[in-house]
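Enquirer: Residue numbers (our numbering), protein chains in the order written: chain A, 1 to 193; chain B, 1001 to 1193. We put the CB at the ideal spot given by N, CA and C, even for glycine.
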DNA sequence: ACAATAAACGGAGCGGTGCTCCGTAAGCAA
DNA sequence: TTGCTTACGGAGCACCGCTCCGTTTATTGT
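(1) Who are the neighbours of residue 1047 (chain B) on chain A, taking C-beta pairs under 9 Å?
(2) Could you tell me the alpha carbon to alpha carbon distance between residue 2 (chain A) and residue 9 (chain A), rounded to whole angstroms?
(3) Kindly give me the distance between the Cβ atoms of residue 31 (chain A) and residue 96 (chain A), rounded to whole angstroms, as I take these residues to be in contact under 8 Å.
(4) Using a Cβ cut-off of 8 Å (strictly closer), state whether residue 1079 (chain B) contacts chain A.
(5) With a floor of 4 residues, list each alpha helix (DSSP H) that falls wholly inside the stretch 23-55 of chain A, ordered by position along the chain.
(6) Taking a Cβ distance cut-off of 7 Å, strictly less, list which residues of the stretch 1154-1179 of chain B are near chain A, in chain order.
(7) Mind checking if residue 1088 (chain B) is an interface residue toward chain A, Cβ cutoff 8 Å exclusive?
(8) Going along the chain, which residues of its own chain have a beta-carbon closer than 7 Å to the beta-carbon of residue 50 (chain A), five neighbours each way excluded?
(9) What is the DSSP secondary structure of residue 942 (chain B), reduced to helix, strand or coil?
(10) If we count the other Cβ atoms within 10 Å of its Cβ and call it buried at 16 or more, is residue 181 (chain A) buried or exposed?
(11) Please report the Cβ distance between residue 94 (chain A) and residue 1152 (chain B), rounded to the nearest whole angstrom; I am assuming they are in contact, meaning their Cβ atoms lie under 8 Å.
(12) Determine the contact status of residue 1155 (chain B) and residue 1107 (chain B), defining contact as a CB-CB distance below 8 Å.
(13) Run down chain B in chain order and give the residues with a C-beta less than 9 Å from the C-beta of residue 117 (chain A).
(14) Give the DSSP-derived three-state secondary structure of residue 1004 (chain B) in the structure shown.
(15) Please classify residue 179 (chain A): does DSSP put it in a helix, a strand, or coil?
(16) Check whether the stretch 123-137 of chain A touches the stretch 70-86 of chain A, counting contact only when three or more Cβ pairs, one atom from each stretch, lie closer than 8 Å.
(17) Of the residues that make up the stretch 15-37 of chain A, which ones have a beta carbon closer than 7 Å to any beta carbon in chain B?
(18) Mind reading off the beta-carbon distance from residue 1013 (chain B) to residue 1022 (chain B)? Whole number of angstroms is fine, and I expect it under 8 Å.
(19) Does residue 1185 (chain B) come within less than 8 Å of chain A when only Cβ atoms are used?
(20) Who are the near neighbours of residue 18 (chain A) in its chain, counting only those whose CB is closer than 7 Å to its CB and skipping five residues on each side?
(21) Compare the Cα-Cα distances from residue 110 (chain A) to each of A:7, A:27, A:170, A:150 and report the closest residue.
(22) If you count every other CB in all the chains shown that lies within 10 Å of the CB of residue 122 (chain A), and 16 or more means buried, which is it?
(23) When DSSP labels each residue in this structure, what does residue 190 (chain A) get in the three-state scheme?
(24) Rounded to whole angstroms, what is the Cα-Cα separation between residue 1168 (chain B) and residue 1066 (chain B)?
(25) Taking 8 Å as the threshold (C-beta atoms), are residue 1098 (chain B) and residue 1143 (chain B) in contact?
(26) Among the residues of its own chain, which have a CB less than 6 Å from the CB of residue 1184 (chain B), if the five just before and after it don't count?
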């Protein structure tokens, strides 16, 4: 990646800064024109830096996502398997929840192989691999029902974290807690006995 | 409510019919112009019959929502309390899941006292009261953790049902099953909030 | 210091949207 | 048939996403 010209770098940073705030307030469907306006640049400039809405989204959350990957490794080394997984999932929810509509976008990214910015997919892929390992470890430790797949768990947590913007973080937290309880329960074996 | 003129009645029915299909395919944000076009009426006609998008949504799901209220009474009379609740929640998810974006809209209706068509609020209110009674009965029977509130449970089920359109109904079903397991577990006794 | 050049900028313009408003057409009762 | 009332339809406004291209600016070589 070649060096950016000074003004380009400035504009890019300002755009990201503004976008982060606006998207938190108005959601992932916020007006891009408005973001450009508030950042003091033309609409063309925004589109040159971020050719698609998803590219912008990716740039916004990329940092947090990478942090999440790192956190997984850390938790895995310092906590009991079950605890590590729960802590990580809670962290995941806390990170994507504040951006209104982002959980939905991430789900589409996960389930729709077509859609999605390439870079974002890779970054998210890393994070999900990290989560996958946490789940496997928790299952090996019998801390989590064995029939749960990571895709399901991730989907659930993303969906639940989306609640935060409609009913407040408290509700989202309680719902997530109930889901995690369900994850702990034996589950699967019910049909057998 | 005065009788509708013959052409008005026809147009209204056709609009509802088309809207149901289009919204299932394209989601709650589908183009209203497009719906009017497909129904063979002008955009003005659509807006006269359904002054807001929510009014249209309300008319579309009103029937299903009323059915859900009735179902609650039926289940309450014929099933064990815990089973009745689970059956009803599953039904709820199956009903709102197919309309892309509807779960989100319903959550806003529930949590945002400002937004929302009045009639729809009343109809949904009835349905939620019915659900509330099912939950209370299940809790009295110790089939469901006592610390769960109906608003939380409803929110959770709505959020989970929204998964269906991104990852398919199977995933949504499994996630819901895990959540319901969590609802069954004793839960409550956790110190941290 | 000053050109030359490559890079980045900004916004007009296109086709779409939600929603309003009002002149026109159509149903209905006499 | 006449006349009244109801309902229709689409032009029009402000906004949107996104593209395209003439203009401006930063950088680099001399």
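Expert: On the basis of the data shown:
(1) Within 9 Å Cβ-Cβ: nothing; residue 1047 (chain B) doesn't reach chain A, min ~22 Å.
(2) The alpha-carbon of residue 2 (chain A) is positioned some 12 Å away from that of residue 9 (chain A).
(3) That belief does not hold up - the Cβ atoms of residue 31 (chain A) and residue 96 (chain A) are roughly 21 Å apart, past 8 Å.
(4) no
(5) 32-39, 43-49
(6) 1155, 1156, 1159, 1160, 1162, 1163, 1166, 1167, 1171, 1174, 1175, 1178, 1179
(7) No - not a single Cβ of chain A is within 8 Å of the one on residue 1088 (chain B).
(8) 56, 59
(9) Beyond the ends of chain B as shown, which are 1001 and 1193, falls residue 942 (chain B); an answer cannot be given.
(10) With at least 16 other beta carbons inside 10 angstroms of its own, residue 181 (chain A) counts as buried.
(11) Wrong, their Cβ atoms sit about 18 Å apart, outside the cutoff.
(12) yes
(13) Result: empty, since nearest Cβ-Cβ is about 17 Å, beyond 9 Å.
(14) coil
(15) helix
(16) yes
(17) So the list is empty, because no residue satisfies the distance condition.
(18) The pair is not a contact, with the Cβ atoms about 15 Å apart (cut-off 8 Å).
(19) yes
(20) The residues are 35, 38, 39.
(21) A:150
(22) Residue 122 (chain A) is exposed by the Cβ-count criterion.
(23) Caution applies to residue 190 (chain A), whose pLDDT of 42 falls short of 50 and renders its modelled position unreliable; the value that the coordinates give is listed next. Residue state, collapsed to three classes: helix.
(24) 26 Å
(25) Against a cut-off of 8 Å, the Cβ pair of residue 1098 (chain B) and residue 1143 (chain B) comes out as no contact.
(26) none
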